[in-house]
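Residue numbers (numbering that gives the first Met the number 0), protein chains in the order written: chain A, 0 to 222; chain P, 0 to 222. C-beta atoms are modelled at their ideal positions from N, C-alpha and C, and glycine is treated no differently. Contents: one structure, followed by commentary.
There are 2 protein chains.
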Amino acid sequence: MRETFHAELESLVGDLAKMTRLAGEMMTNASQALQQADLPLAELVISGDDEINALHDDMEQRCVNLLVLQAPVAADLRVVISAMHAVNDLERMGNLAQHIAKIARLKHPAAILPGEVRPVFARMGLLAAELADSAADAIETRDPLGATRLAEADDEVDALRRQLFQILFAEDWTHGVEPAVDAALLGRYYERFADHAVAIARQVGYVVTGELPASSMPNPSGH
Amino acid sequence: MRETFHAELESLVGDLAKMTRLAGEMMTNASQALQQADLPLAELVISGDDEINALHDDMEQRCVNLLVLQAPVAADLRVVISAMHAVNDLERMGNLAQHIAKIARLKHPAAILPGEVRPVFARMGLLAAELADSAADAIETRDPLGATRLAEADDEVDALRRQLFQILFAEDWTHGVEPAVDAALLGRYYERFADHAVAIARQVGYVVTGELPASSMPNPSGH
């Protein structure tokens, strides 16, 4: 019984890492669809969200089954609890990548991003996908991203969002309201994707140390 | 032992309902701060977020303790699992009310909302606070909001967001980029707050029926 339990737990953790990489791929594709107004790629991301949702439902059920049938304790219990939180984060990450792809689809064939903001989004896209990959590594190696790395990533995303608002609100912004609104919402989606990846890495820290991650830090401004 | 356990479980559920009403109050205050450019009220919401975060950490720890010490099964286990999900939703609801209040503070003493969009936000604020109250009722009575009511609320929030974009992107929008960006982000915060309230009500459905809520439905557009 215990042997089956540990095999199931390992398989759950392995699938969690795979799902995290899938979310990272969705983000990479969504970013490319956005940058290049690539409709088929946008459609690919949008349809991939069903897969994430199905994985979410399957993995949540497996977590509940493990709790019901095995009543795990100590480190094993922490793995199951963290997995339950992480599958929720991953579902949101899939949804957010999908939101980005849907804006690309909605505005197709127009390029959505005026030239001034393209480098900001290129960097945000890279950073978000990188954080998803780091979170997957953390799950596989049970080695949480260092606190320093997390703080750096948070700081960079915040700085990119501030930079974005400076561009949108500058007097020489000539593209009008709609592209600015799109850019602001896109910035929010990237930020939240990164937040969820960081939350997953923090969960790995909980599995390793037994200390629950504290509430997410409030961001300094309403933007 | 079992008696203590059930007393603890009841107390957890009671605190969850209180926390849900607190989130609803934060939203009501944030909406009023926004509509009336009321700085002290905005500050109250912003400082209240610490309370929500502290409640989150405390209640999550109590859930873990119940799992570790009691290994609950069946309906009791479902209550603990649902409570763990709900405290996460509530933390986000507090954060979102705080985001709204921070925009009110950032732009003070200016009124943030141009007249055209005020009625949309007044309705969104009412709806969001109402959903939080309904979710608290659902927790207290263990009676999930009817599926019809949930679908209606979802539809109304979607319709309000579409209405908002129509106003912002109309040719007669004369307020420029910054108020439009604020309004779009605010709309997103209200929508997510409502989503989390609905998710809590769905969790109550899980407690009652034992069926896990399916993944959230994708919204029809990237906006």
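Reduced DSSP category for A:Glu226 - H, G, I as helix; E, B as strand; rest coil: There is simply no residue 226 of chain A to check, as chain A begins at 0 and stops at 222 in what is shown.
Using the C-alpha atoms, what's the distance from A:Leu95 back to P:Ser220? Indexing the second sequence from 1 puts residue 220 of chain P at position 221. Indexing the first sequence from 1 puts residue 95 of chain A at position 96. With a pLDDT of 46 at P:Ser220, under the threshold of 50, the modelled position of that residue is not reliable, and the figure given next carries that caveat. Straight-line Cα distance between these residues: approximately 12 Å.
Is there a C-beta anywhere in chain A that falls below 8 Å from the one on P:Glu7? Start at 1 with the first residue of the second sequence, and residue 7 of chain P comes out as number 8. No, P:Glu7 lies away from the interface with chain A (no Cβ there is under 8 Å from its Cβ).
Between which two residues does the alpha helix (DSSP H) containing A:Ala127 stretch? The count along the first sequence starts at 1 and reaches residue 127 of chain A at position 128. Membership of A:Ala127 in the alpha helix (DSSP H) is indicated by the continuous run Arg117 to Thr140.
Contact under 8 Å by Cβ, P:Ala131 with P:Ala196: Counting from 1 along the second sequence, the entry for residue 131 of chain P is found at position 132. Counting from 1 along the second sequence, the entry for residue 196 of chain P is found at position 197. In terms of Cβ geometry, P:Ala131 and P:Ala196 form a close pair [threshold 8 Å].
Exposure of P:Leu226, with buried meaning 16 or more beta-carbon neighbours within 10 Å: In this structure chain P extends from 0 to 222, so residue 226 of chain P is not present and cannot be described.
Other residues of its chain near P:Met58: CB distance less than 8 Å, five sequence neighbours each side excluded: Working through the second sequence from its first residue, we reach residue 58 of chain P at position 59. Within the same chain, P:Met58 has close Cβ partners Leu11, Asp14, Leu15, Met18, Ala82 and Val86.
Should A:Leu54 go down as buried or exposed, given a rule of 16 or more other Cβ atoms within 10 Å for buried? Residue mapping note: residue 54 of chain A aligns to position 55 of the first sequence, counting from 1. Classification for A:Leu54: buried.
Pair every Cβ in the region 170-181 of chain P with every Cβ in the region 120-129 of chain P, then say whether three or more of these pairs are closer than 8 Å. Inter-segment contact for the region 170-181 of chain P and the region 120-129 of chain P is absent: fewer than three beta-carbon pairs are separated by less than 8 Å.
Any beta-carbon of chain A closer than 8 Å to the one on P:Phe4? If you number the second sequence from 1, residue 4 of chain P lands on position 5. Contacts with chain A at 8 Å (Cβ-Cβ) do not include P:Phe4.
Using a 10 Å radius around the Cβ and a threshold of 16 neighbouring Cβ atoms, would you call A:Asn28 buried or exposed? Position 29 of the first sequence holds residue 28 of chain A. By the neighbour-count rule (16 or more Cβ atoms within 10 Å), A:Asn28 is buried.
Taking only the alpha-carbon atoms, compute the straight-line gap between P:Val203 and A:Leu105 and give it to the nearest angstrom. Along the second sequence, read from residue 1 onward, the residue named residue 203 of chain P stands at position 204. Along the first sequence, read from residue 1 onward, the residue named residue 105 of chain A stands at position 106. Going from the Cα of P:Val203 to the Cα of A:Leu105 covers about 35 Å.
Over the uninterrupted alpha helix (DSSP H) stretch that includes P:Asp49, give me the two end residues. Working through the second sequence from its first residue, we reach residue 49 of chain P at position 50. Run containing P:Asp49: Leu38 to Gln69, per the alpha helix (DSSP H) assignment.
Roughly how many angstroms separate the alpha carbons of P:Ala103 and P:Tyr188, rounded to a whole number? Position 104 of the second sequence holds residue 103 of chain P. Position 189 of the second sequence holds residue 188 of chain P. For P:Ala103 and P:Tyr188, the distance between alpha carbons rounds to 13 Å.
Can you tell me which of the three DSSP states A:Lys195 falls into? In the first sequence, residue 195 of chain A corresponds to position 196, counting from 1. In the sequence as presented, Lys is not what sits at residue 195 of chain A; that position holds His. Looking at A:His195 - three-state DSSP - the assignment turns out to be helix.
When A:Arg20, A:Ala182 and A:Val206 are compared against A:Leu34, the one with the closest alpha-carbon: One-based indexing of the first sequence puts residue 34 of chain A at position 35. Correcting the residue type first, residue 34 of chain A is Gln in the shown sequence and not Leu. Put simply, of A:Arg20, A:Ala182 and A:Val206 the residue whose alpha carbon is nearest the alpha carbon of A:Gln34 is A:Ala182.
Let's see if you can read the secondary structure: which residues bound the alpha helix (DSSP H) around P:His84? Position 85 of the second sequence, counted from the first residue, corresponds to residue 84 of chain P. First-last of the alpha helix (DSSP H) with P:His84: Ala73 to Lys106.
Cβ-based neighbour list, P:Leu66, same chain, cut-off 7 Å, excluding 5 preceding and 5 following: Taking the first residue of the second sequence as position 1, residue 66 of chain P is located at position 67. Non-local beta-carbon contacts of P:Leu66 in its own chain, meaning distances under 7 Å to residues more than five positions away in sequence, involve Val79 in chain order.
Could one say the Cβ of P:Ile199 lies closer than 8 Å to chain A's Cβ atoms, at least one of them? Within the second sequence, residue 199 of chain P is the residue found at index 200, counting from 1. Not one chain A Cβ lies under 8 Å of P:Ile199.
Determine the chain A residues that contact P:Glu177 at a beta-carbon separation under 7 Å, and present them in chain order. Counted from its first residue, the second sequence places residue 177 of chain P at position 178. By Cβ distance, chain A contributes Phe168.
With 16 as the cutoff for other CB atoms within 10 Å, does P:Gln165 come out buried or exposed? Position 166 of the second sequence, counting from 1, holds the residue named residue 165 of chain P. Flag for P:Gln165 reads exposed.
Three-state secondary structure assigned by DSSP to P:Ala110: Position 111 of the second sequence, counting from 1, holds the residue named residue 110 of chain P. Here P:Ala110 carries a coil assignment [DSSP, helix/strand/coil].
I'd like the list of long-range same chain contacts for A:Asp88, defined as Cβ closer than 6 Å, with 5 residues on each side in sequence excluded. The sequence position of residue 88 of chain A within the first sequence is 89, counting from 1. Around A:Asp88: His195, Ala198 and Ile199.
Is P:Val156 near A:Val180, with beta carbons less than 8 Å apart? Numbered from its first residue, the second sequence carries residue 156 of chain P at position 157. Numbered from its first residue, the first sequence carries residue 180 of chain A at position 181. Cβ distance not < 8 Å, so P:Val156 and A:Val180 don't count as in contact.
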